[in-house]
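Peer 1: In our numbering, the protein residues as written are 15 to 339.
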Amino acid sequence: MRRRHLPVLAALAAFATSRAPRAQPAWPSRPIRIIVTFPPGGSSDIVARVLAEVLSQRLPQRVMVENRPGAGGTLGAAYVATQPADGLTLLLSNTAPIVTSPPIYANVPYDPVGGFTHIAYLGATPLVIVVNPRLVPATDLAGLITWIKAQPAPPAFGSSGAGSVAHIFGEAFSARTGAQLTHVPYRGSAPMQADLLGGAIPLSFDTLPQNVENIRAGRLRPIAITAPARQEMAPEVPTTAEAGFPDLLAENWLGLAGPPGLPAPIVTRLHTEVAAALNAPMMKTRLLELGIAVRPMTQPEFGGFVAEQVRVVGGAVKALGLTAQ
């Protein structure tokens with residue numbers, strides 16, 4: 015009797031299995047990589063590593079950081095744009111690969127707006143104009159402009175790379191003030207700062223947090239920050255607006271993005287976890303130390319923010335007619 019019913023039970027089980035809704039994995043189980051488009055040691059890298067540590071405590075798997083620098087951040091961004099939409103490969107997005115590099119590099123293989131899933135906004139930090147005090151006597155912006163114009167050849171300024179927000183600001187600075195400079199691109203802030211401290215270049219435009227320690231130690235002299243108001247981490251440094259140039263503003267924003275077509279459950283989960291991470295004590299302390307101002311945004315708001323940045327800031331960069339290899 016039992017044997018006669020076994021085939022029937024097996025058939026019923028198979029039928030029930032075929033009719034039951036199949037569970038679709040809403041979250042990957044393997045490690046997640048956050049791709050940073052600059053070398054280790056810069057602000058993007060530091061933020062990515064703290065974020066990865068906090069997310070690893072909140073998610074069921076480990077979150078790691080991988081550096082893929084080059085071509086103003088476009089190499090790392092292009093890599094992420096071609097990865098499977100499974101949530102395993104993410105981008106620590108920022109102003110360079112999304113906004114300022116695409117207009118000046120030929121044949122960038124991605125759409126900065128539609129070529130990614132823009133997940134979460136992390137925050138932004140202004141730039142600071144700094145000089146090597148052994149090479150540049152100026153102590154304010156007017157004095158720096160006068161010194162630059164008095165040089166027999168355009169002095170060099172360093173940036174974290176061609177297409178970086180610092181590079182674009184340097185070009186805008188020259189155009190706005192008439193103080194001609196020669197751009198020297200580096201593969202990140204850390205190697206550029208080493209040359210600045212060593213005297214290979216006299217000045218740079220770089221993120222404020224990256225330079226605070228050397229400013230406080232007297233190894234670098236701050237001239238102005240590119241923000242509308244003074245910053246809590248360096249309240250003694252005046253703004254470009256105070257120096258008479260309210261239009262010379264710049265910031266480097268940071269966000270988290272993924273390949274295009276990332277499933278909605280993964281996007282929602284990541285956005286939720288990043289929002290929670292930004293409120294974690296360790297993350298809040300580190301961002302404060304880095305001078306990164308956090309502003310809450312929904313995921314659609316962040317997508318709109320990126321599109322507006324590309325339209326307005328990217329359009330202004332394109333109008334400068336810059337090119338890079």
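Cβ atoms here follow ideal geometry from the backbone N, Cα and C, with glycine treated the same way.
#1: Ignoring anything shorter than 4 residues, give me the alpha helix (DSSP H) runs that lie fully in the stretch 115-195, in order along the chain.
#2: Note the first and the last residue of the continuous beta strand (DSSP E) segment covering Ile-48.
#3: Please state whether DSSP places Gln-97 in a helix, a strand or coil.
#4: If contacts are defined as beta-carbon pairs under 8 Å, then Val-144 and Ile-237 qualify, I think. What distance do you get, rounded to the angstrom?
#5: Mind checking which residues open and close the alpha helix (DSSP H) that includes Leu-284?
#6: Using 10 angstroms around the beta-carbon of Gly-345, count the other beta-carbons present and answer buried if the total reaches 16, otherwise exposed.
#7: Please tell me whether Val-64 and Met-297 are closer than 9 Å, where the distance is taken between their beta carbons.
#8: Using a 10 Å radius around the Cβ and a threshold of 16 neighbouring Cβ atoms, would you call Ala-37 buried or exposed?
#9: Use the C-beta contact count for Gln-71: other C-beta atoms within 10 angstroms, 16 or more gives buried, fewer gives exposed.
#10: Assuming Leu-155 and Phe-259 make a contact with CB atoms under 8 Å, what is their CB distance in whole Å?
#11: Would you call the stretch 189-198 and the stretch 103-122 touching, i.e. three or more CB-CB distances under 8 Å?
#12: Helix, strand or coil, according to DSSP, for Pro-236 in the structure here?
#13: On the three-state DSSP scale, how would you describe Asp-209?
#14: How is Val-251 classed by DSSP in three states: helix, strand or coil?
#15: Are Leu-336 and Ile-182 closer than 9 Å when you measure CB to CB?
#16: Only counting the same chain, and skipping five residues up and downstream in sequence, which positions put a Cβ closer than 6 Å to that of Pro-242?
#17: Would you report the Cα separation of Leu-263 and Arg-47, rounded to the nearest angstrom?
#18: Taking Cβ to Cβ, would you say Val-198 is nearer than 9 Å to Ala-170?
#19: Quick one: residues in its chain with C-beta nearer than 6 Å to the C-beta of Thr-153, no 5 flanking neighbours on either side, listed in chain order?
#20: Under a three-way DSSP split, which group does Ala-231 fall into?
#21: Return yes when the Cβ of Ile-49 is within less than 9 Å of the Cβ of Val-122, no when it is not.
#22: Just curious, the beta strand (DSSP E) that Asp-261 is in, first and last residue?
#23: Specify the secondary structure class of Ala-37 as computed by DSSP and reduced to three states.
#24: Quick check: what's the CA-CA separation for Gly-184 versus Thr-109?
#25: From Pro-45 to Val-251, what does the alpha carbon distance come to, in whole angstroms?
Peer 2: So, from the data block:
#1: 155-164, 179-191
#2: Working through the sequence shown from its first residue, we reach residue 48 at position 34. Here the beta strand (DSSP E) through Ile-48 covers 46-50.
#3: Counting from one through the sequence shown, the residue named residue 97 turns up at place 83. In this structure, Gln-97 counts as coil in the three-state DSSP scheme.
#4: Position 130 of the sequence shown, counted from the first residue, corresponds to residue 144. Position 223 of the sequence shown, counted from the first residue, corresponds to residue 237. About 7 Å; that satisfies the 8 Å criterion.
#5: Your numbering for residue 284 matches position 270 in the sequence shown. Where Leu-284 is concerned, the enclosing alpha helix (DSSP H) stretches over 278-292.
#6: The chain is shown only over 15 to 339; residue 345 falls outside these bounds and no answer can be derived.
#7: Taking the first residue of the sequence shown as position 1, residue 64 is located at position 50. Taking the first residue of the sequence shown as position 1, residue 297 is located at position 283. Yes, the Cβ-Cβ distance between Val-64 and Met-297 is below 9 Å.
#8: Here residue 37 refers to the residue found at position 23 when the sequence shown is read from its first residue. In this predicted model, Ala-37 has a pLDDT of only 40, less than 50, meaning its place in the structure is not dependable; the value taken from the coordinates is given anyway. Flag for Ala-37 reads exposed.
#9: Residue numbering aside, residue 71 sits at position 57 when the sequence shown is read from its first letter. By the 10 Å Cβ count, Gln-71 comes out exposed.
#10: Here residue 155 refers to the residue found at position 141 when the sequence shown is read from its first residue. Here residue 259 refers to the residue found at position 245 when the sequence shown is read from its first residue. That belief holds up - the Cβ atoms of Leu-155 and Phe-259 are roughly 7 Å apart, short of 8 Å.
#11: no
#12: In the sequence shown, the residue the question calls residue 236 occupies position 222. Pro-236: strand per DSSP, three-state reduction.
#13: On the sequence shown, residue 209 is found 195 positions in, with the first residue counted as 1. Asp-209: helix per DSSP, three-state reduction.
#14: As a first step, residue 251 must be located in the sequence shown, where it is residue number 237. The answer is coil: DSSP assigns Val-251 none of H, G, I, E or B.
#15: As a first step, residue 336 is located in the sequence shown; it is residue number 322 there, counting from the start. As a first step, residue 182 is located in the sequence shown; it is residue number 168 there, counting from the start. Yes, the Cβ-Cβ distance between Leu-336 and Ile-182 is below 9 Å.
#16: Numbered from its first residue, the sequence shown carries residue 242 at position 228. Answer for Pro-242: Ala-255, listed in chain order.
#17: In the sequence shown, the residue the question calls residue 263 occupies position 249. In the sequence shown, the residue the question calls residue 47 occupies position 33. Using only the alpha carbons, I get a separation of about 33 Å.
#18: Looking up residue 198 in the sequence shown gives position 184. Looking up residue 170 in the sequence shown gives position 156. Between Val-198 and Ala-170, the CB-CB gap stays under 9 Å.
#19: Working through the sequence shown from its first residue, we reach residue 153 at position 139. Correct list: empty, nothing qualifies.
#20: By 1-based counting over the sequence shown, the position of residue 231 is 217. Looking at Ala-231 - three-state DSSP - the assignment turns out to be coil, as it is neither helix nor strand.
#21: Sequence index remark: in the sequence shown, residue 122 carries index 108 (1-based). Sequence index remark: in the sequence shown, residue 49 carries index 35 (1-based). No.
#22: The residue given as residue 261 occupies position 247 in the sequence shown. Asp-261 -> no beta strand (DSSP E), and no H or E assigned at all.
#23: Taking the first residue of the sequence shown as 1, we reach residue 37 at position 23. Its pLDDT being 40, under 50, Ala-37 is placed unreliably by the model, and nothing is read from it.
#24: Start at 1 with the first residue of the sequence shown, and residue 184 comes out as number 170. Start at 1 with the first residue of the sequence shown, and residue 109 comes out as number 95. Distance between the alpha carbons of Gly-184 and Thr-109: 15 Å.
#25: Position 31 of the sequence shown, counted from the start, is the residue given in the question as residue 45. Position 237 of the sequence shown, counted from the start, is the residue given in the question as residue 251. Cα to Cα, Pro-45 sits roughly 42 Å from Val-251.
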